[in-house]
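J.: In our numbering, the protein residues as written are 105 to 159. For every residue, glycine included, the Cβ atom is placed at its ideal position computed from N, Cα and C. Just so we're clear, the structure is a prediction, and the values are computed from it rather than from any experiment.
What follows is the structure, given as structure tokens:
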């Protein structure tokens, strides 16, 4: 039986001189045609609140 050594995956490390990638802006509102329950709207709003805390 052959034993294969484990492979290590290396991800690039961010450096201070690296440029920041621009991300797509996220819409904070949903289309008027969507009828959301209070629970659904609260769920969506919770992500918006988390994003603001991270900034």
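Among 150, 113 and 119, whose alpha-carbon lies nearest the alpha-carbon of residue 133?
T.: 150
J.: Return yes when at least one heavy atom of the ligand PLP lies under 8 angstroms from the C-beta of residue 107, else no.
T.: In the structure shown, the ligand PLP is absent, as is every other ligand, since no ligand is present at all.
J.: Short of 7 angstroms in beta carbon distance, which residues of its chain neighbour residue 140, apart from the five on each side in sequence? Order them along the chain.
T.: 134
J.: Pick helix, strand or coil for residue 142, following the three-state DSSP scheme.
T.: In the three-state reduction of the DSSP assignment, residue 142 falls in the helix class.
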